[in-house]
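Protein chains in written order, with the numbering used here: chain A, 1 to 443; chain B, 444 to 886.
Beta carbons: idealized from backbone N, C-alpha and C, even for Gly.
All values reported here derive from a predicted model rather than from experimental measurement.
Heads up: the structure comes next, in structure tokens.
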């Protein structure tokens, strides 16, 4: 194929990079070219020396790694607003004395919009092209995501307490139904969903109702599951069985459920999740910071369950950097299992890409660089002091890189960041608004 | 005091920053000015609006945090050369099958010089102004550090095996003696020292001899202590007592000993270290990655032992970023102890600054911003999306910042990095050399 012929039939060419497709077993290949047309990957071929793509938008990725965009499979985007507001506290005190009151007082559609914008600015700057979110005033998170052009699963929070935007908990499912109806099919980039806070904070009726709404909409449902020992003990006390069994008994442990945290699962529960097809998301840094415990990530992966990786919200992490999250996940797995061979670099990189896509039900669309898939791609600059020498790009990405090393970001074929300049987020405007809101919060 | 008067008597002014001195209990103060004269901190005072320092070199730190430079209390600088060469392996296999053979084949004065230069470039870029190092061909690490102008404790490695530059282990103490003699007093920035690899790889005679040499030179001695369970078991088998007791029995557990790792210390051993005045360095990321275990950092701090923080070498971390190391240390302490209140942000920040200085015996000179101390200062840009909103600068530094957020770096009053541009390291030259050497290693 001549490069001229190619040029005429594509919208964007990423050339001369070292390509890491994340297809199973595929090693990084030097000097490859990815052609993008109509938001999809149209061709992958060796870069021709001196080939001209003058008529086509081109990204020169020489010296860089070209790889699938990172997938942050669990976060609460607008909680960037509470980054650093309350650290070093027990989870329950942190949640009930700090976070819930701050949310009650300061969450508003306006504040959620700007906080989500801040989150998306941070996500794109650090190579995340797809996120899965659960929070309140989520119409505003949709608005922000649409403005920015990032991909995501955006879930309306469901909880049996008065919540931001849902003062009457009796109406939480009505709000959920309308949310799914409003946003279903609105954008090819964004999927609406419901996020039940936990088996403790949502009643059986609420959990079942939320799943029915998600089933009707053909969308996944998300829940925090077995995040703390206290949750497990509460459910054991109330229901006489462990949380995963409880969700199974009420019929919601199934393929469309995304179970987040899963810190306190017994082996039998892991087997049950596998049997039911439930997907899991691991948030190691949040679990570490809140001292919730250690998710047996490798065991879950070895059981054949799709395991995504998430940063959780910025109030308990305190950043959205998936490159750092991979490093933490791998190291935590090693030290907690006593096996330095645990959760190898490539395995955790799969969680942050293709397995994350699988956890969100999006693996036919994204998560790897393959012809026909959506063009969600990042270009990472490997020519930096802290990434050299470069014996193994996967090791560099997982153990040495951080968000600041991501140079270019493409979602659905559209360049959202180029040479570290965000093209769809006006960060000055965002920061101006965030500082104004934070001033009110700090008082 | 008029600013003009001030201007005439100082060499460098850092103005309008938020100042974090790291003096006990001192909160960050807005709009402060630090005056530097002859490499020392000459004055600390409120910034005067519109004050002119036109005749003096000035750093405008508006919107930034001005704080003491970070102290990496344990590393092997030139091991940057082996970054990413061997990951996800058991410590013994990693060390004996990968690292020792690579060192035997590829370490040379030339390669150590450029690898140390790479390390210093990375350190300065991420806010480290002082490091403590143990390795081989250390004359070259001295040369590189002198060229760069960074502060450090540089220790010649001592091990009872043939080692790079010391093929005959019988001569390891002679080499050590000459090393201390050569470099003692050579530079106000650099202290020579000896680094005994471990109680297992150095004989009793070697350990005692090394301590005698350090004592004669009035310099500290460093050792890896109780890094792995295997080491503890070996010493128990050989000596009938645990490693800390063994070092005490042979008389080297004392104030001038810097004990690194201390992962497997029993409470009685912690008490003994405290009694003897021994200092400890905690390397959480390396201990995690090699699955060595978890150092009871908080217990050691609470016992009143000076605890520094270190990245360890790049073959087991794989970076030299002290900002990330603080985050990992705090989170690891919380999850391993089950207490989210463990190792609070301010406590670990003290380990990376003033307590690190204390661990190295340098707390009279560095580690905090106080009049009369050496001017080792960094300016961190807090006006970034992932650091906003900013409720608490200490939280931002520990839980959200990374090395790339450090803007300016000053050591002994000399600016080594300004607006992220390294002024004393030619990174292009360093990278060119490192890539050339790495090509030989990769084959």
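So, with DSSP's three-state summary, where would you put residue i?
{"i": "residue 332 of chain A", "result": "helix"}
{"i": "residue 409 of chain A", "result": "strand"}
{"i": "residue 504 of chain A", "result": "No information on residue 504 of chain A is available, as it lies outside the stretch 1 to 443 that chain A covers here."}
{"i": "residue 175 of chain A", "result": "helix"}
{"i": "residue 840 of chain B", "result": "helix"}
{"i": "residue 599 of chain B", "result": "strand"}
{"i": "residue 465 of chain B", "result": "coil"}
{"i": "residue 4 of chain A", "result": "The predicted position of residue 4 of chain A is uncertain, since its pLDDT is 43 and thus under 50; no value can be drawn from it."}
{"i": "residue 460 of chain B", "result": "strand"}
{"i": "residue 10 of chain A", "result": "coil"}
{"i": "residue 381 of chain A", "result": "strand"}
{"i": "residue 637 of chain B", "result": "strand"}
{"i": "residue 628 of chain B", "result": "coil"}
{"i": "residue 254 of chain A", "result": "coil"}
{"i": "residue 403 of chain A", "result": "helix"}
{"i": "residue 593 of chain B", "result": "coil"}
{"i": "residue 835 of chain B", "result": "coil"}
Hey, could you find the ends of the beta strand (DSSP E) residue i is sitting in?
{"i": "residue 43 of chain A", "result": "40-46"}
{"i": "residue 233 of chain A", "result": "That residue, residue 233 of chain A, is in no beta strand (DSSP E); its alpha helix (DSSP H) goes 229-239."}
{"i": "residue 544 of chain B", "result": "Here residue 544 of chain B belongs to no beta strand (DSSP E); instead the alpha helix (DSSP H) covers 543-549."}
{"i": "residue 657 of chain B", "result": "Element bounds for residue 657 of chain B: not the beta strand (DSSP E) but the alpha helix (DSSP H), 647-660."}
{"i": "residue 555 of chain B", "result": "Note, residue 555 of chain B: premise wrong, no beta strand (DSSP E); alpha helix (DSSP H) at 552-568."}
{"i": "residue 223 of chain A", "result": "221-225"}
{"i": "residue 873 of chain B", "result": "Residue 873 of chain B -> not in any beta strand (DSSP E); alpha helix (DSSP H) instead, spanning 870-885."}
From the DSSP secondary-structure annotation, give me the bridge partner or partners of residue i.
{"i": "residue 134 of chain A", "result": "A:155"}
{"i": "residue 199 of chain A", "result": "Per DSSP, none; premise fails for residue 199 of chain A."}
{"i": "residue 861 of chain B", "result": "B:864"}
{"i": "residue 33 of chain A", "result": "A:45"}
{"i": "residue 609 of chain B", "result": "B:606"}
{"i": "residue 128 of chain A", "result": "A:70"}
Output the boundary residues of the alpha helix (DSSP H) element that contains residue i.
{"i": "residue 691 of chain B", "result": "686-692"}
| Name the residues in the stretch 714-744 of chain B whose C-beta lies less than 8 Å from a C-beta of chain A; which are they? | 728, 730, 731, 732, 733, 734, 735, 736 and 737
Completely contained beta strand (DSSP E) runs for the stretch 500-539 of chain B, where each covers 3 or more residues: 500-503, 507-511 and 513-518
Alpha helix (DSSP H) runs contained entirely in the stretch 310-375 of chain A, provided each spans 4 or more residues | 322-337, 345-351 and 354-359
| In the stretch 86-111 of chain A, which residues sit with their C-beta less than 8 Å from some C-beta in chain B, listed in chain order? | 87, 88, 89, 90, 91 and 94
Run through the stretch 257-316 of chain A for me and flag every whole beta strand (DSSP E) of 3 or more residues, listed as ranges in chain order.
257-261, 279-282 and 307-309
What residues from the stretch 455-484 of chain B come within 7 Å of chain A, judged by C-beta to C-beta, listed N to C? none
Which residues, taken in chain order from the stretch 504-523 of chain B, show a beta carbon closer than 7 Å to some beta carbon of chain A?
none
*Taking only beta carbons into account, state which residues of the stretch 855-885 of chain B come closer than 8 Å to chain A, listed in chain order.*
So the list reads 870, 873, 874, 877, 878, 880, 881, 884 and 885, given in the order they occur along the chain.
Using a beta-carbon distance cut-off of less than 7 Å, what residues from the stretch 787-800 of chain B approach chain A? Correct list: 787 and 788.
(message) By the 9 Å beta-carbon criterion, what residues does the stretch 755-771 of chain B contribute toward chain A?
(response) Taking 9 Å as the Cβ-Cβ cut-off against chain A, the residues of the stretch 755-771 of chain B that qualify are 757, 760, 761, 762, 763, 764, 767, 770 and 771.
Inset, instruction - Check each residue of the stretch 689-706 of chain B: if its Cβ is closer than 8 Å to any Cβ of chain A, include it; give the result in chain order. - result: Contacts with chain A (Cβ-Cβ distance below 8 Å) from the stretch 689-706 of chain B involve no residue at all.
- For the stretch 148-178 of chain A, enumerate the residues whose C-beta is nearer than 9 Å to any C-beta of chain B, in chain order. Correct list: empty, as no residue qualifies.
*Looking at chain A, which residues of the stretch 561-572 of chain B have a Cβ within less than 8 Å of any of its Cβ atoms?*
561, 564, 565, 568 and 569
Which residues, in chain order, does the stretch 209-238 of chain A contribute to contact with chain B at a C-beta distance below 7 Å? none
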